[in-house]
Amino acid sequence: MGTTRNTIPDHVQIPHQNYAHDSSVAATVGSRPSSSSSEVMKSNMFRIYPSEESEFDHLVTKSLVLGDFESAVTLCLSAERHFEKRTINLPYLCLFQSIVTEDLDDIVQNADLQEWQEIFVVLCTFAKPSEFANLAEQLSQRLEFNASMMKSAEALGAEELRKNATLTYLAAGRLEKVVNIWTEEMAEEEGRLLDGADEKSSLRYSAHAHALQIFMEKVTIFRSANNYTDADLKVTPDPSAKWSEASRPI
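First residue of the sequence shown? That's 0 in numbering that gives the first Met the number 0, and the numbers climb one at a time after it.
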């Protein structure tokens with residue numbers, strides 16, 4: 000929770016302090032390119048839970064993230080919070096506008112990656128089933144790109160970001176994407192096993208076999224759990240092309 004700037008008034012009724020793990024509502028809102036109105040209201044990167052927000056604002060934001068609009072409205076009415084010009088920069092209004100305008104792309108692309116879990120919860124709550132995979136993949140790509148940048152700079156946290164990218168790729172069902180990460184991890188695992196070993200040592204072969212086995216196990220488990228099928232392998236051949244080839248003069 001962010002740092003509390005001011006206390007919640009005594010008369011404010013808080014509908015839900017403890018949300019259940021399964022409190023996310025069914026997906027009802029999809030995504031589309033960022034609207035011009037949201038671009039005016041928001042400036043690129045933003046935090047869903049700003050560190051300087053009040054405890055009251057945090058509760059309103061939490062209600063919105065979980066799709067509990069009734070609680071969010073009740074909180075605002077209890078606190079006599081009205082959306083006048085002076086309140087236009089309230090932390091949760093950026094999130095609220097993206098949700099009601101079906102602009103989830105803006106949240107995925109511009110919300111602070113330190114809050115990637117909150118971004119993912121928003122997608123689970125509001126993304127249409129037909130759009131969830133693409134939005135989750137966008138989030139994964141941001142995480143993977145930042146992990147690569149941090150690794151190049153030898154900064155701490157790169158491995159954690161890559162792990163998070165793997166999780167979101169898996170949730171999106173993008174085996175072809177996560178395989179690239181697993182291939183990189185396979186090379187790293189092989190390197191760790193061979194650290195200090197002689198180039199002619201038989202350990203090189205066993206290390207490669209071990210890393211390859213782990214890689215294959217990951218792919219096999221994913222394919223089995225998600226009933227994954229390669230779209231390219233499902234392409235139906237054109238019968239006319241077969242007959243055309245057969246009728247060609249020898």
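Note that CB positions come from ideal geometry on N, CA and C, so glycine has one too. Note that the coordinates shown come from a computational prediction; the quantities given were computed from them, not determined experimentally.
Assignment of alpha helix (DSSP H) within the segment 157 to 190, counting only whole runs of 4 or more residues, yields 157 to 171 in chain order. If you check the CB distance, LEU160 and PHE125 do not come in under 8 Å. A contact between stretches requires three or more CB pairs, one per stretch, nearer than 8 Å, and the segment 129 to 138 fails this requirement with the segment 61 to 73. Measuring C-alpha to C-alpha distances from ALA164 to each of ALA208, ILE180, ILE213 and SER53 identifies ILE180 as the nearest. The alpha-carbon of CYS75 is positioned some 42 Å away from that of VAL177.
If the five residues before and after LYS217 are omitted, its C-beta is found closer than 6 Å to the C-beta atoms of TRP181, all from its own chain and listed in chain order. Here DSSP, grouped into helix, strand and coil, assigns ALA110 to strand. Between GLU114 and ARG46, the C-beta spacing is below 8 Å. When rounded, the separation of the alpha-carbon atoms in PHE214 and GLU184 is 8 Å.
CA-CA distance, ILE98 to ALA110, rounds to 13 Å.
Under the DSSP assignment, ARG46 falls outside any alpha helix (DSSP H); it carries neither an H nor an E label. By a beta-carbon distance limit of 8 Å, THR60 contacts LEU94. Their separation comes to about 6 Å. When the five nearest sequence neighbours on each side are left out, the beta carbons in the same chain lying within less than 7 Å of the beta carbon of ALA171 are those of ALA132, ALA135, GLU136 and SER139, in order along the chain. In terms of CA proximity to VAL107, ILE118 leads the group ILE118, THR100 and GLU101.
By the beta-carbon neighbour count (other beta carbons within 10 angstroms, threshold 16), THR167 is buried. GLU187 sits away from ALA206, with the two beta carbons spaced by 8 Å or more.
Residue environment: PHE144 is assigned as exposed (fewer than 16 neighbouring CB atoms within 10 Å of its CB, all protein chains considered). Note that the C-beta distance between LEU174 and ARG141 is not below 8 Å.
In terms of Cα proximity to ALA210, the closest of ALA71, LEU192, ASN226 and ALA152 is LEU192.
The C-alpha of ALA146 is placed about 25 Å away from the C-alpha of THR219. Here the alpha carbons of ALA152 and CYS123 stand approximately 33 Å from one another.
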